[in-house]
Amino acid sequence: MLEQQLVNGVVLGATYALFAIGFTLMFGVMGVINLTYGVYFALGAFAALWSTQGLGLPIWAALPLGAAVAGVLAVAVDTLLLTRLRKAKAPELASLMVTLGATLFLYAGMAAALGTEIRRFPAGVFDGGAYSLGAVRIGGTQVLIFGAALVLVVALLALVRGSRLGLAIRAVAENPDAAALMGINGALMLRVVSFLSGAIGGAAGVLVGLNFNAIQPFMGEHMMLRGFAVIIVGGLGDLRGALLAGLLLGLAEVLTAAYLSSTLKDMIAFALLVATLWFRPLGLFGRAAAKRA
Amino acid sequence: MATPPPTGPLLAVEGLTRRFQGLVAVDAVDFAVAEGTVHGLIGPNGAGKTTLFNLVSGVLAPSAGSVRLDGRALDGLPPYRRTALGLARTFQNIRVFSEMTVLENVMTGLHTRLTAGWGILVRSPAFRAEERAAKARARDLLAFVGLAEAAGTRAGDLAYGDQRRLEIARALACEPRLVLLDEPAAGMNPAETHALLGLLRRLRDERGLTLLLVEHDMPLVMSLCDRLTVLNFGRRIADGTPAEVRAHPAVIEAYLGTGGHDAGPRAVPQSRGTAP
Amino acid sequence: MWEALDDFYWTYQSLIHGIGVNGILALSVYVVLAVGQLSLGQAAFMGVGAYTGALLSVKFGAPFALSMAAAAAVPALLALVVGGPTLRLTGVYLAIATIGLGEITRIVFLNWDYAGGALGLSGIPERGGVGAIYGTLAVLLAGLTLVARSRVGRAMEAMREDEAAAGVMGVNLPRYRLTALVASSAMAGVAGCLSAHVSSFIGPNEYGFEAAVTILSYALLGGIGSPLAPVLGATILTLLPEVLRPLADFRLMVNGLIIVLAVLFMPRGILPWRIARTG
Chain A
1 MLEQQLVNGV VLGATYALFA IGFTLMFGVM GVINLTYGVY FALGAFAALW STQGLGLPIW
61 AALPLGAAVA GVLAVAVDTL LLTRLRKAKA PELASLMVTL GATLFLYAGM AAALGTEIRR
121 FPAGVFDGGA YSLGAVRIGG TQVLIFGAAL VLVVALLALV RGSRLGLAIR AVAENPDAAA
181 LMGINGALML RVVSFLSGAI GGAAGVLVGL NFNAIQPFMG EHMMLRGFAV IIVGGLGDLR
241 GALLAGLLLG LAEVLTAAYL SSTLKDMIAF ALLVATLWFR PLGLFGRAAA KRA
Chain B
1 MATPPPTGPL LAVEGLTRRF QGLVAVDAVD FAVAEGTVHG LIGPNGAGKT TLFNLVSGVL
61 APSAGSVRLD GRALDGLPPY RRTALGLART FQNIRVFSEM TVLENVMTGL HTRLTAGWGI
121 LVRSPAFRAE ERAAKARARD LLAFVGLAEA AGTRAGDLAY GDQRRLEIAR ALACEPRLVL
181 LDEPAAGMNP AETHALLGLL RRLRDERGLT LLLVEHDMPL VMSLCDRLTV LNFGRRIADG
241 TPAEVRAHPA VIEAYLGTGG HDAGPRAVPQ SRGTAP
Chain C
1 MWEALDDFYW TYQSLIHGIG VNGILALSVY VVLAVGQLSL GQAAFMGVGA YTGALLSVKF
61 GAPFALSMAA AAAVPALLAL VVGGPTLRLT GVYLAIATIG LGEITRIVFL NWDYAGGALG
121 LSGIPERGGV GAIYGTLAVL LAGLTLVARS RVGRAMEAMR EDEAAAGVMG VNLPRYRLTA
181 LVASSAMAGV AGCLSAHVSS FIGPNEYGFE AAVTILSYAL LGGIGSPLAP VLGATILTLL
241 PEVLRPLADF RLMVNGLIIV LAVLFMPRGI LPWRIARTG
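Protein chains in written order, with UniProt numbering: chain A, 1 to 293; chain B, 1 to 276; chain C, 1 to 279.
Take a look at the structure:
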């Protein structure tokens, strides 16, 4: 029934929005599509899994831990691989290709080290019961996922739009040279953004892992298609666009699966991506940071 | 100084405006360039000169206004169409194709004038004849700018001044009626600048080309240009012959009076340049 | 003597096929890289070509020439639909759209029962073989070399070096990008069709992200100074796991590492020789 589907769609959409907002932030500030983003997503989920299984931590501690591990890896990848290209003012496709190679390396490495079988959180890692609103049933996990995604997205938007740090980040994104003249430490800001984006990707991984209770090294690869669709539909580099487009995609997928077919569901993201490129190439809201060639 | 011929202007710019996120880089600028003249575009740094060039050559789209070449509106046309219609340009920060040879760079400029299609795959006689002619034409242009010896050199290995001359040869290969030159003397020593001055004069006098020039080297501008347009903060503040512009109070106020390096009463170097 | 050669062929048959097919794939990604764009859809185009050709052969008994023609045409059409709108934008959009294409083709093949679904398509008749594979490779290599040494080759290299300057020189950028993408996807489709008709079986998971990145690594290792370079890269990367057996398990990691190292430290590839651009 429709209300139930809408609730499920909003929860799914919240995870897409969270995932995509970190991705688009990275592009907006660095000007690079960093394909390793899907790795942070999977790594965050694995770190949380390990901390609940191995360390017996509760989920509210495992979530930030997973996020932090992913954030640290993001900083490492950026420092090791992209700093050099940035200094050489290499073309954007060179950076994209480096992250592509790194992605393959990291995925294959994770698969070799962790195995490719699907893993699950230990039973009872989170049991919030379930709530009924009329005929609509909302699981405790869903409340946790939606709540956490909402808090993180709002916190990120507040940070970028309303704080001194956010002002400095936006200055670096707009014009790195001018920002340097104003005394902003550009290199530090890029690390901060790398960490924030990686951590958001990692947190999204934990929440999605929890939502489907399935964790696997290549989970990020499948999520990236959704990520691409959301950041293109929302407009490259546009945080609020990504938020809205993420919710839109979640709802569209759930409704398609419920009323049409579940195979078609997996194609919604791509259909939205291609349709946007044809009809609104700068995103639904037309505010993409990318310039026309 | 040559007096403009009585026909309509070759380039007419009207109300040209470009905004960047609230900042107006070029603000309702009007000017006209008569055929066969050298027209200078001057103004302090950040006055909007390079933006104006990008608008005229189609690299940037204007927020408002129009550009006409010999009466034909160029608005909305991509750069390659403008090139085919007779517009060519050089860049402020040198942009030769550095991996390609000097000859190949100039032959790339001939692109719109070559028509080879499927003949390429069978090396048809027509293709070979065209390619031979293109090579000869490119060599002529290199000789004209004094780079004949460097034809086989990798363009990126040329000296700075030579790269500027290569850019001019490459622009000439487009067979333009109007050439936009963005700071052609930047980074040149006095001898090179002097040689450049001679080259640009020959473009006008021997080839009948029309030049639109952005330049900071005032002695060069004053001795070369037939007419000047002065920009400041994106607006046109003066327009006229060099003598008129020099005497214009707004120009003295905004530009010549600032005491920047452009204002120095540097003499035109008289020594003959020894171009390599 | 002939017997020894025959033995050699039967022992290394699939490797010999693989080198030729991968050479064609390397050329297909070269065509796009040569105009300064990046397509990560080569594996998907290959898969679409493989399925198109194999379905025609298996289900309709079509002649091989028809399968090949369709295997070139269908991916080219797909490239127009997916890549077409990105060609007026920066290169990032094409890269994103083609990665998406790779993921979606996998899902389609996986769920398409008529084409065997998750089990893939088997019983593909053996057609073409070594002759067709290396014939195609030779024709493409020759054609691309001729194109490189002409006004088209000059325009392509100019675009790769400096798009804006190339546009000002009169190069019709969107048209060159589109032609390159369409030609590239057709080439990848042909490679897929040839490969399907020597391996008798194709499956939905052969044309995913890893395959796309591997194809790219051929061109990045070899370089794109001339059409020969990516083919050399493909040959090395196809032989490498055979020669160094222990590497086979880490093939994907090695490919990833090669891409990173090539872009950072060896942007001209291992064959940096640059083809002349005059005809």
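Even glycine gets a Cβ: it sits at the ideal position worked out from N, Cα and C.
Assuming residue i is part of the beta strand (DSSP E), what are its boundary residues?
i      : result
A130/A : A130 to L133
V243/C : Taken as a continuous stretch (DSSP letters only), V243/C belongs to no beta strand (DSSP E), being part of the alpha helix (DSSP H) at L228 to V243.
N54/B  : Unbroken run through N54/B is the alpha helix (DSSP H), K49 to S57; no beta strand (DSSP E).
L181/B : L178 to D182
F126/A : No beta strand (DSSP E) contains F126/A, which DSSP labels as neither H nor E.
L211/B : T210 to V214
S66/B  : A64 to L69
V230/B : R227 to N232
For residue i, would you say it is in contact with chain B, using Cβ-to-Cβ distances shorter than 8 Å as the test?
i      : result
L228/C : no
M187/C : no
T235/C : no
V147/C : yes
R277/C : yes
V152/C : yes
M169/C : yes
L264/C : no
Can you check whether the C-beta of residue i is within less than 8 Å of a C-beta belonging to chain C?
i      : result
G86/B  : no
Y80/B  : yes
I232/A : yes
R292/A : Confidence at R292/A is low in this model, with a pLDDT of 34, below 50, so its placement is unreliable and the value that follows should be read with caution. Yes, contact with chain C.
D238/A : no
T37/B  : no
A133/B : no
F121/A : no
A113/A : no
E192/B : no
L243/A : no
If we cut at 8 Å on Cβ distances, does residue i have a partner in chain A?
i     : result
A97/C : yes
A62/C : no
G91/C : yes
Tell me the residue span of the alpha helix (DSSP H) that contains residue i.
i      : result
A250/B : P249 to A254
N22/C  : W2 to L33
F23/A  : L2 to M30
V197/C : Correcting the residue identity first, residue 197/C is His in this sequence and not Val. Run containing H197/C: L173 to S199, per the alpha helix (DSSP H) assignment.
L93/A  : E92 to L114
E167/B : Y160 to A173
H39/B  : Counting along the chain, H39/B falls outside any alpha helix (DSSP H), though it belongs to the beta strand (DSSP E) covering V38 to I42.
Nearest CA to the CA of residue i: which residue from the options?
i             : options                           : result
A115/C        : G128/C, G53/C and V139/C          : G53/C
R175/C        : A70/C, G233/C, M159/C and G189/C  : M159/C
A123/A        : A203/A, A149/A, L152/A and A214/A : A214/A
V190/C        : V152/C, I258/C, V260/C and V139/C : V139/C
residue 295/A : I231/A, L260/A, G54/A and F279/A  : Because residue 295/A is not part of the residues shown, which for chain A are 1 to 293, the question remains open.
P78/B         : L172/B, I237/B, R68/B and A61/B   : A61/B
M68/C         : T214/C, E210/C, H197/C and A248/C : H197/C
P190/B        : D217/B, I168/B, L209/B and R19/B  : D217/B
L150/A        : M1/A, Y16/A, A111/A and F285/A    : Y16/A
G61/C         : G20/C, G91/C and P125/C           : P125/C
G102/C        : A118/C, A26/C, L78/C and D113/C   : L78/C
A32/B         : V38/B, F20/B and V13/B            : V13/B
L172/B        : R235/B, R137/B, L197/B and L158/B : R137/B
I think residue i touches residue j, with their Cβ atoms under 8 Å apart; what is that distance to the nearest whole Å?
i             : j      : result
T276/A        : K265/A : That belief does not hold up - the Cβ atoms of T276/A and K265/A are roughly 18 Å apart, past 8 Å.
residue 280/C : R106/C : It is not possible to answer for residue 280/C, since the shown part of chain C is limited to 1 through 279.
A95/C         : L38/C  : 5 Å
I237/B        : L231/B : 7 Å
A171/A        : I184/A : 6 Å
Does the Cβ of residue i lie closer than 7 Å to at least one heavy atom of the ligand FMN?
i      : result
S197/A : The model on display carries no ligand, and the ligand FMN is accordingly not part of it.
Discussion item. Under 8 Å: do the segment 31–44 of chain A and the segment 77–92 of chain A share three or more Cβ pairs, one atom per stretch?
Written reply: yes
Worksheet item: Three or more beta-carbon pairs under 8 Å between the segment 17–33 of chain A and the segment 238–257 of chain A, yes or no?
Response: yes
Worksheet item: Is the segment 204–224 of chain C in contact with the segment 27–35 of chain C, if contact means three or more CB pairs nearer than 8 Å?
Response: yes
Discussion item. Taking contact to mean 3 or more Cβ pairs, one atom from each stretch, closer than 8 Å, check whether the segment 145–156 of chain C and the segment 3–15 of chain C are in contact.
Written reply: no
Worksheet entry | the segment 200–214 of chain A contacting the segment 42–57 of chain A, beta-carbon criterion three pairs below 8 Å | yes
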